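Just so we're on the same page, the numbering used here is the position in the sequence shown counted from 1, plus 3.
C-beta atoms are modelled at their ideal positions from N, C-alpha and C, and glycine is treated no differently.
On a predicted model such as this, the values are computed, not experimentally measured, just so you know.
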Amino acid sequence: MARGQLSMNLATTRGAWGFAEAVDGCLRHGVTAISPWRDQVAAIGLDEAARIVKANGLRVTGLCRGGMFPGVDAADRQKRIDDNFHAIDEAAALGADCLVLVVGGLPGSSRDIAEARKMVADGIAAIVPHARSAGIPLAIEPLHPMYAADRACVNTIDQALDICETLGESVGVAIDVYHVWWDPNLAAAIARAGRMKRIFAHHICDWLVPTRDLLNDRGMMGDGVIDLKAIRAMIEAAGYHGPQEVEIFSTENWWKRPGDEVVKTCVERFETVC
């Protein structure tokens, strides 16, 4: 598999590098696609980040992240929508393939997950016109159910696709293996996404056994239990042949290692186990 099909989500090198250093490091290892986080872009400035992207001919496979739509009241929800408008503008300035949406969980002390999901659908609907005018597809990223309360009340590809069906072709899904590998309906859901032409991104890492921290102990590809090749085959059979984006949160392992070691290992594992 060619390195050109590998994208580096800059969360993976967060422990060692900022935006500019990460770009330089990726280029040293032949990686020419990245997906930065908004705080990393803000730290160097949007104009400078865009200049670096353009000067190096980089592909930006996504910007992380928009979303977090549920709020405790109408004013809070509008504040979140306004932040998503800014995120869309940032994605457009970087020439990103999509804006990744981590949709948000239960607001405040709420126990009403159905209402939270309605807020998500309404929030995405509110930003779709701006996203379309900016030319930025919106990629809903369903998260593992363990995050339903605080990070994402959309937890399966099918739930995300149900939202997509109501909002048009500019809204799709980001399929992150860490969050969906367990789903018994995974193959059918990926096939459905393919029929709808809504697969906008494919994120990879691995699920460790044991996992010491459910947020910040993701594994390097090949170190865990996810059948990465099988999921890639499903996604490609569904018609998506874009980059695979390595996204690893790892406070006690990979974030403690030199950035060059991290990227070198990502490239090696991508070429052997993905």
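Using only CA atoms, which one of the options lies nearest to residue i?
i    : options                   : result
R31  : F273, A90, G262 and C277  : G262
S253 : I229, T214, G242 and R272 : T214
V123 : G111, G138, V106 and R135 : V106
R154 : A96, K267, R120 and V212  : R120
A46  : E24, G74, G28 and G65     : E24
L146 : V157, L231 and I139       : V157
D209 : I251, D86 and L104        : I251
V56  : N87, K82 and V26          : V26
Determine the contact status of residue i and residue j, defining contact as a CB-CB distance below 8 Å.
i    : j    : result
V63  : G98  : yes
L141 : R201 : no
A52  : F72  : no
N12  : S38  : yes
R281 : G126 : No answer is possible for residue 281: it lies beyond the span of the chain, which begins at 4 and ends at 277.
A95  : V265 : no
C277 : I229 : no
H205 : Y243 : yes
E93  : R41  : yes
I247 : L9   : The question names Ile, but residue 247 in the sequence shown is Gln. Contact flag set, yes.
T15  : G28  : no
W184 : I143 : no
L217 : M149 : yes
D129 : I84  : The residue you asked about is not Asp; residue 129 is Ala in the sequence shown. Contact: yes.
E255 : D220 : yes
T159 : D179 : no
I139 : C101 : yes
M223 : R260 : no
L104 : G70  : yes
So what does residue i bridge to, in DSSP terms?
i    : result
G222 : D209
D179 : H206
W40  : C67
R62  : A36
I143 : L104 and V176
P247 : For the sequence presented, residue 247 should be read as Gln rather than Pro. In the DSSP output, where bridge partners are listed per residue, Q247 has L9 and H205.
Looking only at its chain, what residues have a beta carbon closer than 8 Å to the beta carbon of residue i, apart from the 5 residues adjacent to it on each side?
i    : result
M237 : L189, A190, I193 and A194
P241 : Strictly speaking, residue 241 in this sequence is Ala, with Pro absent from that position. Excluding sequence neighbours, A241 sits near I193, A194, A196, G197, R198 and I202.
K232 : V276 and C277
Q162 : R120 and P145
K267 : H32
V44  : F22, A52, L66, E93 and L97
Quick check on residue i: does DSSP put it in helix, strand or coil?
i    : result
E264 : helix
A45  : helix
E24  : helix
A241 : coil
W257 : helix
A152 : coil
P132 : helix
V270 : helix
D76  : coil
L109 : coil
Among the residues of its own chain, which have a CB less than 6 Å from the CB of residue i, if the five just before and after it don't count?
i    : result
A152 : G108 and L109
V75  : P110 and G111
A36  : S10, R62, T64 and P246
S113 : none
N87  : G69 and I130
Identify, in the order they occur along the chain, each residue of the same chain with its Cβ nearer than 7 Å to the Cβ of residue i, setting aside the five sequence neighbours on each side.
i    : result
R135 : S173
W258 : R17 and G18
I116 : L109, A151 and C156
A77  : none
L170 : I127, A128 and V131
Hey, does residue i have any beta-carbon neighbour from chain C nearer than 8 Å?
i  : result
Q8 : The chain labelled as chain C is not found in the depicted structure, where only one protein chain is given.
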